[in-house]
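Colleague: Protein sequences, first through last, are from chains G and W. Residue 47 in my numbering is what sits at position 47 of the first sequence, and the numbering runs on without skipping anything. Residue 1158 in my numbering is what sits at position 158 of the second sequence, and the numbering runs on without skipping anything. No residue lacks a Cβ here, since even glycine has one placed at the ideal position from N, Cα and C. Nothing here was measured: the structure is a model prediction, and the numbers come from that model.
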Amino acid sequence: MPVKRKMSEMHDHGVDRLMARNPNSHIVDQLRAYYSSIEEEAVPERLLKLLERLEEVETAAIRESVG
Amino acid sequence: MKPDMGSGEYSFKRDLFSALPSVRAFAISLCGRSDQADDLVQEAVVKAWASQERFEPGTNMRAWLFTILRNEFYNQRRRRKREVQDTDGAYAERLSSNPSQYGTMDFRDLCKALDTLPPDQREAIILVGASGFSYEEAAEICGCAVGTIKSRVNRARNRLQELMNVESESDLAPDSTMVSITSQNLCL
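#1: Could you check where the alpha helix (DSSP H) with C1142 of chain W kicks off and where it finishes?
#2: Report yes or no: is there a C-beta of chain G within less than 8 Å of the C-beta of A1139 of chain W?
#3: Could you compute how far the alpha carbon of R1152 of chain W sits from the alpha carbon of A1124 of chain W?
#4: Quick check: what's the CA-CA separation for P1021 of chain W versus A1130 of chain W?
#5: Give a yes or no on whether the C-beta atoms belonging to R1078 of chain W and Q1121 of chain W are separated by under 8 Å.
#6: Quick one: using the 10 Å Cβ neighbour count with 16 as the cut-off for buried, is D1115 of chain W buried or exposed?
#7: In chain order, what residues of the same chain have a beta carbon less than 6 Å from the beta carbon of D1175 of chain W, not counting five sequence neighbours either side?
#8: For R63 of chain G, decide whether its Cβ has a neighbour in chain W, counting only Cβ atoms nearer than 8 Å.
#9: Out of curiosity, what's the CA-to-CA distance linking I27 of chain G and F1017 of chain W?
#10: Report the rounded CA-to-CA distance for E1137 of chain W versus C1144 of chain W, giving the unit in angstroms.
#11: According to DSSP, simplified to helix, strand and coil, what is S65 of chain G?
#12: With distances taken from CA atoms, which of W:R1062, W:F1055, W:S1051, W:M1061 is nearest E58 of chain G?
#13: Are A1063 of chain W and I1141 of chain W closer than 8 Å when you measure CB to CB?
#14: I need the boundaries of the alpha helix (DSSP H) containing Y34 of chain G, first residue and last residue.
#15: Compare the Cα-Cα distances from Q1161 of chain W to each of W:V1046, W:K1112, W:K1047 and report the closest residue.
#16: Taking a Cβ distance cut-off of 8 Å, strictly less, list which residues of the region 39-57 of chain G are near chain W, in chain order.
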């Protein structure tokens, strides 16, 4: 499940300073739009599976050490 | 598939999971839309998981993961450089021969321009301009001085602006060979 992140939640002074210094620049706008378009994509299945697998291995290791 | 959101106590996995979209966007912005980007994220996740004891809950998970991913990016780059001569040239060529690597039309020019930046400038403008880190945080992630990040961001922004202006002027007669050659020269 993709975790959506609003740009407002990522408020950042760095960007503000960038924009303030160069208000005519659309580069940073474009960069942010590009970046958030990727963030909004679903996390690939292989990464989700990897997390599951890591957790399984960890749980198994804990069980082994306890039992 | 959702991470376990049931328990109220701190969950490393949940924290890591919520940072994944941003980490992945960083990887793709760094090395283009490719298997390499997802390999990088995968590698970073495995490394982060293995050293989770070293992560302090409540501190910035995103910055921590970005640092790990960035180290991995440069390690892989060094390895590839040793293995194959002119990897960057080959990479640029692959990108230019396959426009879909640049994603949708909307961002194609931007991605091409990003591709021509030296990696240190590319990561600086991505971290500060898009990932939402402060100059200070970006400096920490890159292991350099704040002033260095500032100057890299400035140079990157100026260069992107130049390139994007050229791109829009040459829209009627695009020359992909030229883009590829430029990117080869500048990436090295």
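Modeller: Once the coordinates are examined:
#1: Where C1142 of chain W is concerned, the enclosing alpha helix (DSSP H) starts and stops at 1135-1142.
#2: Not an interface residue.
#3: Approximately 6 Å between the Cα atoms of the pair.
#4: Approximately 13 Å, taken between the alpha carbons.
#5: In terms of Cβ geometry, R1078 of chain W and Q1121 of chain W do not form a close pair [threshold 8 Å].
#6: With 16 or more Cβ atoms within 10 Å of its Cβ, D1115 of chain W is classed as buried.
#7: With a pLDDT of 48 at D1175 of chain W, under the threshold of 50, the modelled position of this residue cannot be trusted; read the value that follows with caution. Correct list: empty, nothing qualifies.
#8: With 8 Å as the cut-off, R63 of chain G does not count as an interface residue toward chain W.
#9: A straight-line Cα-Cα distance of about 29 Å links I27 of chain G and F1017 of chain W.
#10: Between E1137 of chain W and C1144 of chain W, the C-alpha separation is close to 10 Å.
#11: DSSP places S65 of chain G in helix when its eight states are reduced to three.
#12: In terms of Cα proximity to E58 of chain G, the closest of W:R1062, W:F1055, W:S1051, W:M1061 is W:S1051.
#13: Yes, these two residues count as a Cβ contact at 8 Å.
#14: 27-39 is the extent of the alpha helix (DSSP H) around Y34 of chain G.
#15: The option with the nearest alpha carbon to Q1161 of chain W is W:K1112.
#16: Within the region 39-57 of chain G, the residues whose Cβ lies closer than 8 Å to some Cβ of chain W are E39, E40, E41, V43, P44, R46, L47, L48, L50, L51, E52, L54, E55, listed in chain order.
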